[in-house]
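Asker: In our numbering, the protein residues as written are 5 to 142.
The beta-carbon is built from N, C-alpha and C at its ideal position, and this holds for glycine as well.
Here it is, the structure in full.
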Amino acid sequence: MAGDWIKIEKCLLDKPEVDQIAALTGLGRWDVCGRLFAVWAWADSHTADGDMVGVGPETIDRIAGHEGFAVAMKATRPSAWLLIDEQGITIPAYDRHNGKNAKKRAMEKNRQDLHRSRTGKESGYRPWHHNNPVTHQA
């Protein structure tokens, strides 16, 4: 269960690429986000690096439940969210958000944030500071 999740940016709904996919497919932005989640969750189970040799756009369309979804992902700008060639498909910059290393980084960040919130570090509080009367022995 520890690896049964994927990272989704909270600003996904507002990304220009989502609007582009919506315009190309005729789907709404909420619908596009759900279908992107399905594609990315499927990819998380089938690739470690974003490369899927032998997988074509029809597979992505099937996972997304909408014909033309893969081509719309490929058409996003400034960068494509999917590359398609004769070898298969690739999710560019896959390791930034997906895969074991990305999950490890996300979990480490969450752990550090939790630790900082418990120790008060994010507020500038430093219990070891030399001017702190609690820790400074004169």
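Gly92 and Val43: beta carbons closer than 8 Å?
Answerer: no
Asker: Which two residues bound the contiguous beta strand (DSSP E) that contains Thr94?
Answerer: Gly92 to Thr94
Asker: So, helix, strand or coil for Asp8, using DSSP?
Answerer: coil
Asker: How big is the Cα-Cα spacing for Ala76 and Pro61?
Answerer: 10 Å
Asker: Go through its chain and collect everything with a Cβ distance to Met5's Cβ below 7 Å, but skip five positions before and after it.
Answerer: With a pLDDT of 43 at Met5, under the threshold of 50, the modelled position of this residue cannot be trusted, and the question is left open.
Asker: Would you kindly report the start and end of the unbroken beta strand (DSSP E) that includes Asp89?
Answerer: Leu87 to Asp89
Asker: With 16 other CB atoms within 10 Å as the buried threshold, where does Gly54 fall?
Answerer: buried
Asker: So the beta strand (DSSP E) Val57 belongs to, where does it begin and stop?
Answerer: Asp55 to Val57
Asker: What would DSSP say about Ala27, mapped onto helix, strand or coil?
Answerer: Correct three-state label for Ala27: helix.
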